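Working notes, structure below.
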Ligand code: AMP
Ligand code: MN
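Numbering (our numbering), first residue to last: 14 to 340.
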C-alpha cells in the first residue's frame with residue numbers, strides 16, 4: 014500500500030463538507046492537539062466540523078482552544094460526508110467511534126505508527142513524522158490555512174508531548190524547524206509546558222508515590238516495571254489519565270533498557286505499556302505479541318486477564334525477548 018501524497022489528502026479535505034474528527038481511545042497530547050488544529054483549520058475553510066472522542070480529554074489539555082468543536086458523543090441524526098482518524102493505527106483504536114465511522118462515505122486516516130493498517134479511503138501515514146501534529150502542520154500549510162496562535166499551541170502540544178519534550182529519538186532538525194515557526198506564530202513554550210506538565214493535582218503526585226513504591230526489576234536490572242492498581246487510583250482520587258508519563262521514571266534508570274507499566278482498568282482488563290531506551294529493543298514487536306502495537310520505543314496493549322496473570326505472562330515473554338536480543 015502506498016501512502017497518499019499530501020496534495021491528495023489536501024484535495025480530499027477540500028472536497029468534504031461535513032467532517033467528523035477523532036483520535037484514539039484514551040486520547041493523548043498528540044491526538045488532541047492534532048484533531049483540534051485540523052478542526053480549526055477546516056472551520057477556517059468554512060467547513061462544518063465536529064470532534065468526538067471515545068474518552069474524555071484529560072484536564073491538562075483543556076487549555077487548548079477546544080470550545081465549540083467537541084461533543085461528548087455523536088448526535089443521533091448527525092450527517093458526515095467525511096471522517097478523519099488522527100493517530101489511530103487501526104479501526105479498533107477508534108473505540109466507540111468505530112461504529113459511526115463504518116457508515117461514513119469517505120474515511121481519511123492520518124497517522125505516524127509503523128503498524129498502521131491503511132484502513133482509510135485516503136491514508137496519510139508517515140512514520141518519520143515525530144507527531145501526527147507535524148503531519149497536520151504540513152497539511153494546513155499545503156492547504157494555505159492561516160495558522161493562528163491557538164492552532165500553533167495545539168500543534169506545539171502534539172510535538173512537545175510525543176517527543177518527550179524534544180528528547181526522544183523522533184526529535185529531528187525538522188521538529189525544531191516546525192517549532193520555530195509555531196513559536197513565531199504565537200505558541201508560548203512556557204505557558205504550554207506549565208499547562209501540560211505543571212498543572213498536577215495533589216492526588217496525582219500521591220499516585221506517583223504509590224506507583225514508585227511498586228518499582229521492581231529483573232535480576233540484571235535491564236527491565237523495570239511499575240504497577241498501578243485500581244486501589245491506588247481510588248485512594249488518591251485519581252484516574253487512568255493521571256498515570257500518563259509515570260512509566261518514564263522506570264525508563265530513566267541507567268541500567269534499564271525496557272520499562273513496563275501494568276495498569277488495572279475500570280473494565281477489569283489490564284493496560285500494559287512498554288518503553289525502550291535502545292533501538293535494539295523493539296517494543297512494538299513485544300506489544301504485537303499481545304495484539305497491541307505502537308512504535309519501536311513506545312508501545313502498548315490491553316490484556317483481558319487479572320493483574321497477577323498479566324504480569325506473569327508478560328514478564329516471562331519480555332525476559333525471553335531480552336535474552337534473544339543479546340548477541
Ligand atoms: P501508551 O503506552 O498508551 O502511552 O502507548 C504507547 C504507544 O503505543 C502509542 O503510540 C500508542 O498509540 C500505542 N498503543 C498503546 N496501546 C495500544 C494498543 N492497545 N494497540 C495498539 N497500539 C497501542
Ligand atoms: Mn503520536
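C-beta atoms are modelled at their ideal positions from N, C-alpha and C, and glycine is treated no differently.
All of these numbers come straight from a predicted model, not from anything done at the bench.
Through-space distance from residue 282 to residue 107, alpha-carbon basis: Taking C-alpha positions only, residue 107 is separated from residue 282 by approximately 18 Å.
Those residues which DSSP pairs with residue 15 across a bridge: The partner list for residue 15 (beta bridge, DSSP) is empty, contrary to what the question assumes.
For residue 156, the residue or residues it bridges with in DSSP: Beta bridge pairing from DSSP links residue 156 with no other residue.
Limits of the beta strand (DSSP E) - the one that residue 169 falls within: It is not in any beta strand (DSSP E) - residue 169 instead sits in the alpha helix (DSSP H) that spans 162-175.
One or two residues paired with residue 135 in a DSSP bridge: BP columns for residue 135 point to 121.
Continuous beta strand (DSSP E) stretch holding residue 313: start and end: Unbroken beta strand (DSSP E) run through residue 313: 311-316.
Continuous beta strand (DSSP E) stretch holding residue 32: start and end: Residue 32: member of the beta strand (DSSP E) spanning 31-36, first to last residue.
Residue 250 beta carbon near the ligand MN (any heavy atom closer than 8 Å): For residue 250, the distance from the CB to the nearest heavy atom of the ligand MN is not below 8 Å.
N- and C-terminal bounds of the beta strand (DSSP E) containing residue 269: Where residue 269 is concerned, there is no enclosing beta strand (DSSP E), given that its DSSP letter is neither H nor E.
Three or more C-beta pairs below 8 Å linking the segment 32-50 and the segment 228-236: They do not touch, by the three-pair rule.
Length of the line joining the Cα atoms of residue 196 and residue 160: Answer to the nearest angstrom: the Cα atoms are 11 Å apart.
beta-carbon residue 239 near the ligand AMP non-hydrogen atom, thresh 8 Å: Result no, Cβ not under 8 Å from the ligand AMP.
Whole-angstrom distance between residue 185 and residue 210, CA atom to CA atom: The alpha-carbon atoms of residue 210 and residue 185 are separated by roughly 22 Å.
Near the ligand MN: residue 100 beta-carbon under 8 Å from a heavy atom: Yes, since a heavy atom of the ligand MN falls inside the 8 Å radius drawn around the Cβ of residue 100.
Helix, strand or coil at residue 63 [DSSP, three-state]: Here residue 63 sits in strand by DSSP.
Environment of residue 73 [buried if 16+ CB atoms lie within 10 Å]: Burial of residue 73 is indicated by the presence of at least 16 other C-beta atoms within 10 angstroms of its C-beta.
Any non-hydrogen atom of the ligand AMP closer than 8 Å to residue 41 Cβ: Because some heavy atom of the ligand AMP lies under 8 Å away, the Cβ of residue 41 counts as near it: yes.
For residue 184, three-class secondary structure by DSSP: Residue state for residue 184 is assigned as coil, using DSSP reduced to three classes.
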